[in-house]
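Per our numbering, the sequence shown runs over residues 6 to 299.
Glycine included, each C-beta is placed from N, C-alpha and C at the ideal position.
Taking it in order: structure first as C-alpha cells, then the write-up.
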Amino acid sequence: MARKSALGRGLGALIENADEVTQRRETKPAASINEIEIDKIEVNPWQPRTKFDEERLLELSESIKQIGIVQPLTLRQIGPNKYQLIAGERRYRASKLASLEKVPAYVRTADDDTMLEMALVENIQREDLDPIEVAISYQRLIDECKLTQESMSERVGKKRSTIANYLRLLKLPAEVQLGLVEKHISMGHARAIVSVEDSNAQLMIFAETIKNDLSVRKVEQMVRDLNNGGEEKNPVKSKKNLPKEYEALKSQLSTFFRTNIQFSRADDGKGKIVIPFGSDEDLEKIISILDKAK
6 MARKSALGRG LGALIENADE VTQRRETKPA ASINEIEIDK IEVNPWQPRT
56 KFDEERLLEL SESIKQIGIV QPLTLRQIGP NKYQLIAGER RYRASKLASL
106 EKVPAYVRTA DDDTMLEMAL VENIQREDLD PIEVAISYQR LIDECKLTQE
156 SMSERVGKKR STIANYLRLL KLPAEVQLGL VEKHISMGHA RAIVSVEDSN
206 AQLMIFAETI KNDLSVRKVE QMVRDLNNGG EEKNPVKSKK NLPKEYEALK
256 SQLSTFFRTN IQFSRADDGK GKIVIPFGSD EDLEKIISIL DKAK
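Shown next, in the form of C-alpha cells:
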C-alpha cells in the first residue's frame, strides 16, 4: 500500500488515542504488560500526529515523575530488542523528558498496513479533536487504508451518516475549514454552510457569520433562503448553459452584494438577476449598498 508522507491538506495532524480501542481492535490480546527499555523504542512512522504541545508534555512529564505511567504504551516488536510505537507517543516523549529508563507496554503483532489504520481509528475516538482533524482521519482511512464508509462505521462505532457529514466538511473552502479549527464557527455552522454549492456564497455566509455572530439557526435560514432561490428550472437559463463571462459577472455581483446572486440568461439575450435576502436586516444592507453605489 502506498504511503503518504504527510496529510497533504494543510490542516493540523491528529492525536493519539486511548489504548483500550487498540485492545478491542486486536485479534490477539496482549498476555501481559512488559517493561521495555525506552531506548529500544522508535516512533511510529505513520503516526498521524505531528505537533505536540511542549507545555502539556512537561506537565505530563512531571506527573510521570510523581506517579509513573498510568496507561501502558502499545508497541510492536520489529527486531531483537527493538520496538515501534503503535500508540502512546505523547507518553513516550514525556517519559523521555522524565528520564525514565523503562516504560510499561503492551507488545502486539501488527504489520505495516495495519499500523496506520490502527493509529487513525484510535485517534478518531479522541474527544479533543476538532471536526476537520476527524474528517481528515476518515478521508485517510478511505484513501490509504481502502476502507468503505460501512467498514469505518463498524471500526469507530459511528453511524455512516455521521461519517458522511464529517467528510463533507473537506469540501469547504480552506478559510472556512480554518475557521472551524480555530472555533470561530461551530460544527453546526459548517454543516449549514457546506449545503451551499457555490464557494463564493459559502465564503460570504462565513464572513457574515463571523461579523454578526450569527446563530446556527440564523445561518441555516440564510442557507435555505439562498437555496430556495436556486437555479432556474428552464434548461436554457441554467448555470450549466450560462456563458463564462456571465458566470464571472454573477460571481462579482454575489461578492458585491454579499449574497448568492441568481443570474439567468436565454440564448436570445433575455434574462434576469435575482438578489435574494434572508431577513429585513439583510434587505437593509442590500439597499445600503445600492445607495452607496449611486
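What does a CB cutoff of less than 7 angstroms around residue i pick up in its chain, not counting 5 residues either side in sequence?
i	result
Glu225	Ala197
Tyr171	Pro136, Val139, Ala140 and Tyr143
Pro178	Ser204, Gln207 and Leu208
Arg173	Val199
Gly162	none
Strictly by DSSP, which residues pair up with residue i?
i	result
Leu78	Ala110
Gln267	Val279
Ile41	Val108
Ala92	Thr79
Output the boundary residues of the beta strand (DSSP E) element that contains residue i.
i	result
Asn49	It is not in any beta strand (DSSP E) - Asn49 carries neither H nor E in the DSSP assignment.
Would you give the residue range spanned by the alpha helix (DSSP H) that residue i belongs to?
i	result
Ala195	Met192 to Ile198
Lys255	Lys249 to Phe262
Which of helix, strand or coil does DSSP assign to residue i?
i	result
Lys87	strand
Lys290	helix
Asp58	coil
Glu67	helix
Ser100	helix
Asp285	helix
Asp5	In this structure the chain extends from 6 to 299, so residue 5 is not present and cannot be described.
Lys151	coil
Asp230	helix
Leu295	helix
Leu125	helix
Leu146	helix
Please go through the same chain and pick out, in chain order, the residues whose beta-carbon is closer than 8 angstroms to the beta-carbon of residue i, but skip the five residues on each side of it.
i	result
Ser259	Asp203, Asn205, Ala206, Met209, Asn265 and Ile266
Lys107	Glu40, Ile41, Glu42 and Ile43
Ala212	Arg263
Tyr88	Ile41, Lys45, Ile46, Glu47, Leu80, Arg81, Gln82, Ala110 and Val112
Val221	Ser191, Gly193, His194 and Ala197
Can you list, in chain order, the residues of its chain whose CB lies under 6 angstroms from that of residue i, leaving out five sequence neighbours each side?
i	result
Leu287	According to the sequence provided, residue 287 is Asp. The question's Leu does not apply to it. Counting only Cβ-Cβ distances below 6 angstroms, and skipping sequence neighbours, we find nothing.
Ser200	Val228
For a minimum of 4 consecutive residues, which ranges assigned as the alpha helix (DSSP H) are wholly contained in the region 153-224? 154-161, 165-173, 179-186, 192-198 and 204-217
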